[in-house]
Amino acid sequence: MEIGPFRPDGKGSLEWTTQGGAWNEYADVLYLDQPVGTGFSYASTSAYAKSLPQAADEVRYFIERFVEVYPEYAAGNGVDVYIAGESYAGQYIPFEASALTRSPQPVDLRGIALGNGYIDPAAQGGSELEMMIWSGVWKEGGKEWTEANKQWLKCKADLDKLVGSPRDTPACSRMLPTIIDITTQKVAGQSKARCINIYDVRLSDTSPDCGMNWPPIIKPTYDYLARSDVRKALHVDEVKKPEAWIECSHRVGGALKENNPQSSKIHIPELLRKGVKVMLFAGDQDLICNHIGVERIPRHLDWEGAASWEGEATKKDWFVNNNKAGYWREARNLTYVSIAGGSHMVGFDKPVESHDMMLRFMGVDLMGAAGPSARIPSRVEGEPDRMLVVAPNPGKGDGSTDNRPMIPGVDGKTEEQVAEEAKWAAYYNAGSAALVVLLILVGVGALILLRLRKQSRRSTSMLGRGGRPVAREDTHELEHLVRDPASGEYADDEDKLDDEEAQSGLSSARKSPVGTRRAGNAVQEDQTVFDVGDSDDEGPTPRTANSSSVRRP
1 MEIGPFRPDG KGSLEWTTQG GAWNEYADVL YLDQPVGTGF SYASTSAYAK
51 SLPQAADEVR YFIERFVEVY PEYAAGNGVD VYIAGESYAG QYIPFEASAL
101 TRSPQPVDLR GIALGNGYID PAAQGGSELE MMIWSGVWKE GGKEWTEANK
151 QWLKCKADLD KLVGSPRDTP ACSRMLPTII DITTQKVAGQ SKARCINIYD
201 VRLSDTSPDC GMNWPPIIKP TYDYLARSDV RKALHVDEVK KPEAWIECSH
251 RVGGALKENN PQSSKIHIPE LLRKGVKVML FAGDQDLICN HIGVERIPRH
301 LDWEGAASWE GEATKKDWFV NNNKAGYWRE ARNLTYVSIA GGSHMVGFDK
351 PVESHDMMLR FMGVDLMGAA GPSARIPSRV EGEPDRMLVV APNPGKGDGS
401 TDNRPMIPGV DGKTEEQVAE EAKWAAYYNA GSAALVVLLI LVGVGALILL
451 RLRKQSRRST SMLGRGGRPV AREDTHELEH LVRDPASGEY ADDEDKLDDE
501 EAQSGLSSAR KSPVGTRRAG NAVQEDQTVF DVGDSDDEGP TPRTANSSSV
551 RRP
């Protein structure tokens, strides 16, 4: 949904779009369903992870096995690794990055990128109310604000007595459901009430979904991943994973029963000290993990650059394709990026900008392969445009032109010719720029982008969102669509839950009125942990990615 030029077409297939180009233009792509038991992966229910540290160890275990099969990606072989994701990935990724930086390191981790992430309750708690004012949906002192402010005062009381770095603060977790309740209204002529879209404050949705029906390609994504030929191409085990693909697993999430779990915030200073780059980015129209709270996180980090962050990391306007894309803040190895007009799913709303942001963060040399991204001007305030300069191709020397761009200084060769030659030259030149990116998707899967110094690799991708916890006792449940593999019909997720799950009151994969989607499984020597295909899981509407393999040369 968020990466690359393909999107579901609503007819059970995919369509090509030019929005943002392919993220594998400068990287290989590999998808990993994680924590184990989500997506098309499978394990026995007794093997699900009981904590995020355990789930992170299992990601490390997978990477260790992966580099055994593909040793060119192993540490010391000139491959840089970046991990990125959104929403509840703000919890997953720092734990995983910490696990990957333990010695001996299986890969060379260079950075992590967390988009609209739920990371630190101390910084983000209650910011939803501020976002309602900032966006102009409510006015401070108005009726709605006054009602919601009562919950904010309870949230503030929790924050004032906060000790350590807990992953959740109950009163603050009630802030979003409170806003949803206040915005829910009956609409004349409609059977369902309307409420605010928690992923984009500019939009509304039917109650109690409040954003779960958005974006409109959700159901087409379900349809595409239910196709038998697609499942076969993805090597889905039809015996161990016969059910249709779903976004999240209630059983996997229910296995995570940590006592007093710590926030991932504790790992970010550690990563910064180890030289790992950290980028926090946020679409400025998201409510659930909004930019106001995300931008406060650096001030709450216990690291050497915290005191100087406000002074050093000045806001600089960021432009893509000659339009203001947002602003960029950077100091030492910490970066914050605000994406203007972006929702919770920045890659969906702003595909070109989000692609440019990742390439810039990773320091990709766009001229290394003269693809589409190299032709889009991009700059941060005070810098020249970063783009490929092209000129008309003079053709065959007879005065004619073929209207294809050529690249000055390379003997009049077309952009396509230079790109092809650069690709093969890079393959044979082990000393040129290298890049590997792991994009960890929340709740259901992980997306791994890989680009070696010696070759540009290819694969396709889509990305999705996760969630953060809300107060369990007052949770405003949302409806989720689950497809029946036999009938092909969509039904409310609650109807699909078994007794055990119904009693557990588990919720969805993004921070929402539905709750947290976090999961994994334990590593056992006698068990295939990382595979395609298990359990009879069920969960809410799709927001994540289908698998794609790395192609070897």
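When you line the sequence shown up against full-length UniProt numbering, it's residues 1 to 553, in that order. Idealized CB from N, CA, C, for every residue including glycine. A quick note: this is a predicted structure, and the numbers were derived from the prediction, not measured.
Counted within 10 angstroms of its Cβ, other Cβ atoms place residue i as buried (16 or more) or exposed
i, result
"Arg386", "buried"
"Ser459", "Note that Ser459 scores 31 on pLDDT, short of 50, meaning its location in the model is unreliable; the coordinates nonetheless yield the value given after this. Looking at its Cβ environment, which holds 16 or more other Cβ atoms inside 10 Å, Ser459 is buried."
"Glu25", "buried"
"Arg323", "The sequence given here has Asn at residue 323, not Arg. The residue is exposed, with fewer than 16 neighbouring Cβ atoms inside 10 Å."
"His344", "buried"
"Ser173", "buried"
"His235", "exposed"
"Gly515", "For Gly515, the predicted model reports a pLDDT of 31, less than 50, meaning its position is unreliable; a value from the coordinates is still stated below. Classification for Gly515: buried."
"Ala233", "exposed"
"Lys11", "exposed"
"Thr169", "buried"
"Arg379", "buried"
"Glu140", "exposed"
"Ser191", "exposed"
"Asp411", "Here Asp411 scores only 46 on pLDDT, less than 50, and its place in the model should not be relied on; the value that follows carries that caveat. Asp411 is exposed by the Cβ-count criterion."
"Leu129", "buried"
"Ala255", "buried"
"Ala325", "buried"
"Met1", "buried"
"Gln151", "buried"
Unbroken beta strand (DSSP E) run spanning residue i, endpoints
i, result
"Cys155", "That residue, Cys155, is in no beta strand (DSSP E); its alpha helix (DSSP H) goes Lys143 to Asp160."
"Asp317", "Lys316 to Val320"
"Tyr327", "Asn323 to Ala331"
"Cys195", "Arg194 to Ile196"
"Trp16", "Leu14 to Trp16"
"Ala113", "Asp108 to Gly115"
"Tyr336", "Leu334 to Ile339"
"Arg379", "Ser378 to Val380"
"Asp205", "Ser204 to Thr206"
"Arg7", "Phe6 to Pro8"
Start-to-end residues for the alpha helix (DSSP H) that takes in residue i
i, result
"Ala122", "Pro121 to Gln124"
"Asp181", "Met175 to Thr183"
"Ile133", "Ser127 to Trp134"
"Ser354", "Pro351 to Met362"
"Arg296", "His291 to Arg296"
"Trp309", "Trp309 to Glu312"
"Asp223", "Ile218 to Ala226"
Short CB-CB distance (under 8 Å) between residue i and chain B
i, result
"Tyr199", "The structure shown contains no chain B, having only a single protein chain."
Cβ-Cβ distance between residue i and residue j below 8 Å
i, j, result
"residue 559", "Ile83", "Lying before the first or after the last residue shown, residue 559 is absent from the chain, which here runs from 1 to 553."
"Arg299", "Ala313", "no"
"Leu287", "Tyr336", "no"
"Cys195", "Thr178", "no"
"Gly293", "Ala22", "no"
"Arg332", "Gly305", "yes"
"Ile376", "Asp356", "yes"
"Gln285", "Gly211", "no"
"Gly111", "Lys219", "no"
"Val81", "Leu109", "yes"
"Pro269", "Trp303", "yes"
"Tyr224", "Leu14", "yes"
"Gln105", "Ala56", "no"
"Pro121", "Ser263", "yes"
"Asn213", "Thr206", "yes"
Supposed contact pair residue j and residue i - C-beta distance, whole angstroms, cut 8 Å
i, j, result
"Ser165", "Lys265", "5 Å"
"Gly117", "Ser87", "6 Å"
"Ser16", "Pro8", "Note that residue 16 is Trp in the sequence shown here, rather than Ser. Not a contact, Cβ separation roughly 12 Å."
"Lys240", "Tyr42", "5 Å"
"Pro35", "Ala49", "5 Å"
"Leu271", "Thr101", "7 Å"
"Tyr73", "Val107", "6 Å"
"Val201", "Met131", "7 Å"
"Leu52", "Phe95", "5 Å"
"Val352", "Asn321", "6 Å"
"residue 561", "His267", "No answer is possible for residue 561: it lies beyond the span of the chain, which begins at 1 and ends at 553."
**OP:** Note down, one range per segment and in chain order, each alpha helix (DSSP H) of at least 4 residues found wholly within the segment 229–283.
**Re:** 250–255 and 268–273
Original post:
At which residue ranges does the segment 20–98 contain complete beta strand (DSSP E) runs of 3 or more residues, listed in the order of the chain?
Top reply: 28–32 and 80–86
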